[in-house]
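So for the sequence shown, the UniProt record's numbering puts the first residue at 1; every next one is plus one. Just so you know, even glycine gets a beta-carbon here, dropped at the ideal spot from N, CA and C. Here the structure comes first, spelled out in structure tokens, and everything after it is commentary.
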Amino acid sequence: MTGYYFFPKYKLVYLPLSTTIICPHNWPPFPPFCPCKPCVRQDFENDIPFDCRWMAKMGYGIWLGYAILLIFNMFGALGYFIVGNGAAEGPLFGASILLVLVMPPISFFGWHRPLYKALRSDSSANYLLFFLFFSGQTVIILIQCLGIDYLGSW
């Protein structure tokens, strides 16, 4: 569509029909000297409508809290491994390391990213993916809360 468009934090710009707007990926934020580059674009202020912004930020906060909780769980399992003298400590610590390495990326791309895309474009398919993965992760967390051996929680 040709015409004048107003971009937040920018000025009024005329875009001809053949113009495409390229928005660079910005998450996860790596330092400039790092050989790894960001793999997704995440900009709450410019991508998400104002009414849905709180939900996107809350989803991101829940994901961050879950990742931090897994790190605390790993350190707790490490302490249990150092102090304990039974046979269950080693596999428990190994399972907690596996959970720290596997679950944050799965949860980010499994439910946080579909939630972000659903709020950005009002897509029912992304809402469905969000609810499926988030409910599955909730079941996994509830099973871990039971404290069954060899499932990564202590």
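In the assembly as shown, His112 is a buried residue. Its beta-carbon has 16 or more other beta-carbons within 10 Å.
Straight-line measurement puts the Cα of Phe93 at about 24 Å from the Cα of Ile62. Here Glu89 has Tyr80, Phe81 as same chain residues with Cβ atoms under 6 Å from its own Cβ, once five neighbours each way along the sequence are excluded. In the DSSP assignment, Leu64 falls within the alpha helix (DSSP H) that extends over 53 to 83. In this structure Ala77 is in contact with Ser96, their Cβ atoms being roughly 4 Å apart against a cut-off of 8 Å. Residue pairing by DSSP places Val40 opposite Trp27 in a beta bridge. It is roughly 10 Å from the alpha-carbon of Gly65 to the alpha-carbon of Pro104. The beta carbons of Leu115 and Met74 sit no closer together than 9 Å.
Per DSSP, Cys145 is one residue of the alpha helix (DSSP H) stretching across 124 to 145.
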